[in-house]
Amino acid sequence: MRAVKTGLRDFVVCGLAISLVLFCSVALTALGIRPATTVFLAEYHVIADFFAGLALYGVISAIVMRAALAIRRVPAGEYGMDSPVFGYWKLLTILHRLGQAALLPLTPIFARPWLARLFGARIGANVALGGSIDDPYMVSIGDDCVLGNNSLVAGSAIAGGRITLGPVSIGNRATVGVNAVVLPGTAIGDDAFVVGGSIVLPGTTVPNGETWRGNPARKWQ
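Under my numbering, the first residue of the sequence shown is numbered 50, with each subsequent residue one higher.
Encoded structure:
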């Protein structure tokens with residue numbers, strides 16, 4: 050569990066962002082969706098309106114997040130909890146997590162890579178995504194990769210009152226096993242295999258074709 054220091058400024062900024070997304074999704078549902086569902090679904094329009102509102106909330110969250118990233122990227126590095134970079138990361142994280150949560154009930158398992166792409170991940174073809182991607186705008190995954198159930202690929206890690214941010218690159222045909230964790234600033238090469246339950250620490254490079262295991266993960270014969 051991450052312990053995150055949050056101040057009044059963070060509450061205000063994140064609250065305004067959430068309010069903006071919520072207002073837009075409710076307004077679009079009421080003005081653009083409800084008139085049609087009322088005609089075609091009669092008293093059942095409420096159900097359709099609810100799911101349409103969820104979808105709009107998720108999509109608008111992604112649009113706002115990506116617009117923010119187009120203006121200002123998140124720089125790699127290590128920062129204190131009072132850093133403006135840390136505050137900006139929290140804003141993006143709130144937008145991502147709430148938006149993704151709204152869309153997950155509408156997203157079948159085979160479409161999860163598309164959901165990650167919506168929030169900025171660069172994902173190749175034929176990727177099996179059974180785990181989670183945090184900070185998707187910092188994650189790149191090649192073709193034919195497998196991310197096992199409950200695995201985590203994250204562009205951020207918090208420890209000792211500081212956050213480490215960095216891109217994660219996973220090559221073609223690589224496998225991240227069940228319950229494995231891949232942390233920021235890592236590169237996993239083509240055809241590499243991270244054994245289930247392993248933790249790949251920040252700044253680690255797993256060369257092409259190698260198998261790594263353990264905590265911290267190391268090359269395994």
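Glycine is no exception: its CB is placed at the ideal position from the N, C-alpha and C atoms.
Predicted model only: the values in this text are computed from it and were never measured.
Can you tell me which of the three DSSP states residue i falls into?
i	result
L164	helix
E127	strand
R262	strand
T254	strand
A101	helix
V231	strand
R58	helix
V217	strand
R122	coil
V244	coil
A223	coil
What residues in its chain sit with their C-beta under 7 angstroms from that of residue i, if we drop five residues either side in the sequence?
i	result
G263	S247
N199	G180, V227 and N228
L147	I67 and S110
V61	none
G245	G197, G226, V227, N228 and A229
Do the CB positions of residue i and residue j come within less than 8 angstroms of each other?
i	j	result
S189	P216	yes
G180	G197	yes
I328	A223	Only positions 50 to 270 of the chain appear in this structure, which leaves residue 328 out of reach.
A111	L167	yes
L141	G107	no
L155	D183	no
L118	G191	no
I109	V70	yes
T254	P233	no
G210	N257	no
R83	G136	no
Taking the straight line between their C-alpha atoms, what separation do you get for residue i and residue j?
i	j	result
Y93	A116	35 angstroms
W269	G252	18 angstroms
L80	V134	37 angstroms
T235	P185	14 angstroms
L250	G102	39 angstroms
C63	A165	21 angstroms
V88	S68	29 angstroms
M130	V95	43 angstroms
L48	F159	Residue 48 lies beyond the stretch modelled for the chain, which goes from 50 to 270, so this question has no answer here.
S132	R122	15 angstroms
S74	S205	29 angstroms
G126	V230	19 angstroms
P124	R171	17 angstroms
S218	A203	11 angstroms
D239	A150	31 angstroms
P272	Y128	One cannot answer for residue 272 here, as it falls past the ends of the chain, which runs 50 to 270.
F100	P265	42 angstroms
M187	W138	11 angstroms
CB-CB under 8 angstroms to residue i, same chain, minus the five flanking residues each way: which ones, in chain order?
i	result
A10	This structure does not reach residue 10, given that the chain is present from 50 up to 270, and the question cannot be answered.
R267	W261
D193	G173, A174, N175, V176, N221 and R222
Which same chain residues end up closer than 6 angstroms to residue i when comparing Cβ atoms and leaving out the 5 residues on each side of it in sequence?
i	result
L77	L105
F72	none
A97	T86 and L90
F242	T224 and T260
V195	A177 and T224
Contained beta strand (DSSP E) runs [length at least 3] in the region 132-206, N- to C-terminal order: Every beta strand (DSSP E) stretch that sits fully inside the region 132-206 and reaches 3 residues is listed by chain position as 181-183, 188-190 and 201-203.
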